[in-house]
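The structure appears below as C-alpha cells.
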Amino acid sequence: MNINLGIVGAMSAAVLMGTASLAEVTASNASTILDALHEYGYTGTMEKDSDGDPKIASKVSKTDFDVYFYGCTENTNCKSVIFKAGYNLKNGISALKINEWNRNKRFSRAYIDDESDPFLEMDVNLDYDGVGSENFQDTLDWWRVSVENFEDFIDW
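So for the sequence shown, the numbering used here puts the first residue at 284; every next one is plus one.
Okay, here's the thing in C-alpha cells:
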C-alpha cells in the first residue's frame, strides 16, 4: 500500500510540475514575450515607454505595432500588455466608422486620435501565472487577423 501511495504522489508531483511549466509567457518577465515573438517569426526589440516600463516594438504582416506593459511595479513585474498599432490616414476616419468596427468585432478595439487617425488595440491578460506558449501563439494569430481585417476595413 505504501508503494502505491508513493507512486501516486510522484505522479501528482510530475503533473503539477508539468502544469507549472506551461505558463511560459508572462508580463512580469518582458523577455518571455520578446522570446515568444521571435519564436513565432515576429521581429521585436525591447524598448522602454515614457514611464520607463518595458515596451516591445514589433511587426505583424507589414504593420509596425508596439507591445505596452501595464500594471508594473517600479518598471517590472507587470500584469498585462496591450498590442497597439496606429495608422496615419490622409483624410482620417470618422467616429461612426470606428464605432462600426467596435460594434461588430471581438478581441480588438479601435479609436481615433485628435487628428482622426485610427488606432487598433488588443488587451492581453498575463497576470499571475501568465499563459502557455500555444495560447500566446493563438493570441498573436488573433492579433494578426485583427490587424489585417482592420486594414481592409479602413482601406489601408
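Where a beta carbon is used, it is the ideal one built from N, C-alpha and C, also for glycine.
- Each of 381, 313, 344 and 413 was checked against the Cα of residue 324, and the nearest Cα belongs to 344.
- Collapsing the DSSP output to three states places residue 435 in a helix.
- Taking the Cα of residue 437 as reference, the smallest distance to any Cα among 423, 399 and 337 is reached at 399.
- Per the C-alpha coordinates, the member of 363, 362 and 393 positioned closest to residue 377 is 393.
- By the neighbour-count criterion, in which 16 or more other beta carbons inside 10 Å mark a residue as buried, residue 333 falls on the exposed side.
- Counting the other CB atoms within 10 Å of its CB gives residue 413 a total of 16 or more, which places it among the buried residues.
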